[in-house]
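Protein chains: 2
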Amino acid sequence: MERSLRDRIIALAEEARRAQRALSAKSHGERMAGIEAIGDKLREKWPQVVAANELDMEAGRALGLSEALLDRLYLDRERIEAIAGASEVLLHQPDPVGQVVEGSTLEEGMGLLKKTVPMGVLGMIYEARPNVTVDAVALALKSGNGILLRGGKEALNSNRALVALMKEALTEVDLDPGLIGFIDDTTHDSSNILMGLKGHVDVLIPRGSGRLISAVTQNATVPTIETGVGNCHLYVDAKADVDMAAAIFENGKTQRPGVCNALETLLIHREVAGDFFPKLREIAEAHGVVIHGDSATLAEFPQAKPVTEEDFANEFLDYAIAVKVVDGLDEAVEHIGRYSSGHSEVIVTEDIAAAEEFTQRVDAAVVYVNASSRFTDGGCFGYGMEMGISTQKLHVRGPFGAQHLVTTKYIVTGRGQIRS
Amino acid sequence: MERSLRDRIIALAEEARRAQRALSAKSHGERMAGIEAIGDKLREKWPQVVAANELDMEAGRALGLSEALLDRLYLDRERIEAIAGASEVLLHQPDPVGQVVEGSTLEEGMGLLKKTVPMGVLGMIYEARPNVTVDAVALALKSGNGILLRGGKEALNSNRALVALMKEALTEVDLDPGLIGFIDDTTHDSSNILMGLKGHVDVLIPRGSGRLISAVTQNATVPTIETGVGNCHLYVDAKADVDMAAAIFENGKTQRPGVCNALETLLIHREVAGDFFPKLREIAEAHGVVIHGDSATLAEFPQAKPVTEEDFANEFLDYAIAVKVVDGLDEAVEHIGRYSSGHSEVIVTEDIAAAEEFTQRVDAAVVYVNASSRFTDGGCFGYGMEMGISTQKLHVRGPFGAQHLVTTKYIVTGRGQIRS
């Protein structure tokens, strides 16, 4: 009798749990040997991954995936080398597990230690990019966790090949390949089952579109780290250096418009609008950025689209920008407070008081003064590699890596103390 | 036209949000003046609270509430004084807000600071005890947050009176009374609405029965800190000091059997069962503890009930204990792994290797060696006062107070850096 999908996924979770418990008895060095073995294996057997990836690419072309999506999916020897190299950055970082983060002697004389310990079993739901498959496993090994992977259907063959090689690598260095649970069903059913596996999965990380993330928020019973939706604003203050503002705008909007730390709305102080508009025009024309403007912007750009509530509320993830002229920092902060997804927000100003007020009042994971929102990234922040960018306030906020995939355990040691 | 309950609760959340934003511009001292003013007000106007509490007590007696529940509900001058005094402990603790917890200079030269900031608006769903109303507000002030309170129907009049006095106190020290949103509807509707206010409420804390907590886990879209269910075990090791084990058992089971850090299951190593059973008999008889035993226990206590799967899986919260004789630490750890709610777990042993292995392998918020599980408490752990005891792994685990009701914000300051 065929087991149900739910039973199969639970079996993977239980296997990951058992393997994770065994992993807890291993040293950091033994876990790192797993990451090294994975890198070696990918370098050795890259043609297997490329062959599997070709199947995904063919299927993707047949389905009419966009060039951008096909590019995210594509793997060759060089990209596989880059994936292997990226995870090896983790080798040289300190062990996030077993750190004593608090300690005291309690009133009654017991010793109290608070130590970091692995979460247990992570669950990850993600979309097209196959490099996430390897990144997630490397971060799980670094943090001592097991992991269930539920990737997107576009990358199914690539992911399957990558997981097979990673399991082979783990086995060779005496780590249990059951640490990696690969869910090869890519229907909504498997995501929904994974979201509901409270007790089997300790934390769920959705990484992908706003739609995926909101489905998880609505349905998950497993505690979740919400990631990625970035409705990011740039406020050009009255005292801005407009050349700097233009460079930061161009970088934030056009370097990679499809990512979560790209800019989506430009708020321009009325006093500098006259100076800034010519630069906006130049950048928009050079990159084909469509302007969705308020009335003050439309007066200058008659061919622009009138901006809507929808434009302010959502990410374009494309060569398009919402533009609004504001009367001051108050109006900018209020606009951001209404529409921001709490990801990355930027002020460009030479005025120290404005910078201070903006950073204090804007409620987001990262607030920038005179720098590009594109820096919100685990690599740029020095975490080596990221599992995602949290836009929630619970547990971790902003880019997070292995050091955030742990929880704590109190250990209290006494000589028979009881509570009076 | 009467507004819907949902609209009313959203209006309270928005008021708390506005008030919280204003609070962010105030100093720690100004927030602490709020806690002091609340203490003074409760001491001055305690008869108003007692009068309201009498209504709740009458209603409770009419409803046939148990003596234990009535006792938890009851307030008199002395108890109100104790409530005021408890929150004043927070005055002398450091400000959890505005702490720089990380800082670096990034590759491109920008300065990065990671600072603690308030969560924003907390939501709390809780049951009978009116002291929680004041504790929660004091912790919210300490951590710079607004709060929505949805207490139990048994304490409605007491809570309303306490909130009215607290709002009066805040107004007198120029803090916005809108910081406290009191939901005076105690139907399931109001809880369900609160659980779904994602975007309006930043974190939800249910504090009460297992049923409440599991309803929240199933239905909440707001990120949640799960609290309180404690299916706690005591393992009496082969090398235990049996007198110490008996004292820790008696304290854990009988001092306050209705609380989450009370013991629910006793696992006894076969080698010490002969020595420990007489002590178990003595304690059970002295306190009227009903034994639910496995076959080895029943052989010694023929009048005991046979233990069921249900007994192992759930809290008794009463003078009852599940008892199992095990062959060793492995079996104890496996039993705990299967049934524990991850709250507090205890080993009594003189064997340092057994202690080490137990603390390493048992996955719980607090693991005790030779001390009572009853110490799992924010006060005992030196946090002054607790909002609850987290049994989840995300964000905080174990007793948590004001210092855990914050999140972080990265502030990145540059001179026009863009990403290449």
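Protein chains in written order, with the numbering used here: chain R, 1 to 420; chain C, 1001 to 1420. A virtual CB, placed ideally from N, CA and C, is assigned to each residue, including glycine.
Please check the pair residue i and residue j, which I expect to be a contact at CB under 8 Å, by giving their CB distance rounded to whole angstroms.
i	j	result
GLY196 of chain R	ALA16 of chain R	Wrong, their Cβ atoms sit about 16 Å apart, outside the cutoff.
VAL367 of chain R	LYS1409 of chain C	6 Å
GLY39 of chain R	VAL173 of chain R	Rounded, the Cβ-Cβ distance is 12 Å, inconsistent with contact.
HIS1395 of chain C	VAL1229 of chain C	No, HIS1395 of chain C and VAL1229 of chain C are not in contact; Cβ-Cβ is about 17 Å, not under 8 Å.
LEU75 of chain R	PRO130 of chain R	6 Å
ASN1219 of chain C	ARG415 of chain R	That belief does not hold up - the Cβ atoms of ASN1219 of chain C and ARG415 of chain R are roughly 45 Å apart, past 8 Å.
VAL325 of chain R	ARG270 of chain R	5 Å
GLY1388 of chain C	PHE1400 of chain C	6 Å
THR1227 of chain C	THR1217 of chain C	With 8 Å as the limit, THR1227 of chain C and THR1217 of chain C do not qualify as a contact, their Cβ atoms being about 11 Å apart.
GLU1350 of chain C	ALA1240 of chain C	7 Å
ALA1273 of chain C	HIS1292 of chain C	16 Å between Cβ atoms; not a contact.
ALA13 of chain R	VAL201 of chain R	6 Å
HIS1233 of chain C	SER1340 of chain C	6 Å
PHE1276 of chain C	ALA1245 of chain C	6 Å
If we ignore side chains and look at the alpha-carbon of each, how far apart do residue i and residue j end up?
i	j	result
LEU1090 of chain C	GLU1030 of chain C	13 Å
LYS1253 of chain C	GLU315 of chain R	55 Å
MET1001 of chain C	LEU1148 of chain C	Residue placement at MET1001 of chain C is flagged as unreliable, the pLDDT there being 46, under the threshold of 50; a coordinate-derived value is accordingly withheld.
SER1209 of chain C	GLU1127 of chain C	8 Å
GLN69 of chain R	HIS1188 of chain C	At residue 69 of chain R the sequence reads Leu, which differs from the Gln that was named. Each residue's alpha carbon lies about 46 Å from the other.
GLY1053 of chain C	ASP1071 of chain C	Correcting the residue type first, residue 1053 of chain C is Asn in the shown sequence and not Gly. Going from the Cα of ASN1053 of chain C to the Cα of ASP1071 of chain C covers about 12 Å.
PHE381 of chain R	MET32 of chain R	22 Å
THR359 of chain R	GLY1120 of chain C	15 Å
GLU1036 of chain C	GLN1417 of chain C	46 Å
GLN255 of chain R	HIS287 of chain R	10 Å
TRP46 of chain R	ILE1180 of chain C	59 Å
ALA82 of chain R	ALA1086 of chain C	56 Å
LEU23 of chain R	ASP1363 of chain C	14 Å
GLN48 of chain R	ASN157 of chain R	10 Å
LYS305 of chain R	VAL1406 of chain C	41 Å
MET1057 of chain C	GLU1078 of chain C	17 Å
ALA136 of chain R	LYS167 of chain R	14 Å
When you compare the CB of residue i with every CB in chain C, is at least one pair closer than 9 Å?
i	result
ARG397 of chain R	yes
GLN392 of chain R	yes
MET1 of chain R	Residue confidence is low: MET1 of chain R scores 46 on pLDDT, short of 50, so the model does not pin down where it sits. Its coordinate-derived value is still stated next. MET1 of chain R does not count as touching chain C.
GLU54 of chain R	no
THR224 of chain R	yes
CYS260 of chain R	no
ASP241 of chain R	yes
TYR339 of chain R	no
ALA143 of chain R	The amino acid occupying residue 143 of chain R in the given sequence is Ser; Ala does not appear at that position. So, not an interface residue.
GLU78 of chain R	no
TYR368 of chain R	yes
Is there a Cβ of chain R sitting closer than 9 Å to that of residue i, yes or no?
i	result
ARG1006 of chain C	no
ALA1215 of chain C	no
SER1232 of chain C	This sequence places Cys at residue 1232 of chain C; Ser is not what is there. Taking Cβ atoms only, chain R never reaches closer than 9 Å to CYS1232 of chain C, which makes this a no.
ASP1363 of chain C	yes
ASP1202 of chain C	yes
GLN1218 of chain C	yes
VAL1412 of chain C	yes
ARG1374 of chain C	yes
LEU1023 of chain C	no
ARG1419 of chain C	yes
PHE1381 of chain C	yes
GLY1152 of chain C	no
THR1407 of chain C	yes
With a Cβ-Cβ cutoff of 9 Å, do residue i and residue j count as a contact?
i	j	result
MET124 of chain R	ARG160 of chain R	no
LEU263 of chain R	SER373 of chain R	yes
ASP1422 of chain C	ILE1347 of chain C	Since the first and last residues shown for chain C are 1001 and 1420, residue 1422 of chain C lies out of range.
PHE375 of chain R	GLU1108 of chain C	yes
LYS1142 of chain C	ASP1095 of chain C	yes
GLY1098 of chain C	LEU1112 of chain C	no
ALA1365 of chain C	TYR1235 of chain C	no
Do residue i and the ligand FMN come close, with the Cβ less than 8 Å from some heavy atom?
i	result
ALA1164 of chain C	Here there are no bound small molecules, and the ligand FMN is not part of this structure.
Could you tell me which residues DSSP pairs with residue i in its beta bridges?
i	result
LYS115 of chain R	R:VAL100, R:LYS409
TYR1368 of chain C	R:VAL412, C:VAL1346
VAL121 of chain R	R:GLY146
ALA1161 of chain C	Note: ALA1161 of chain C sits in no beta bridge, so no partner.
ILE389 of chain R	R:PRO399
HIS269 of chain R	R:VAL326
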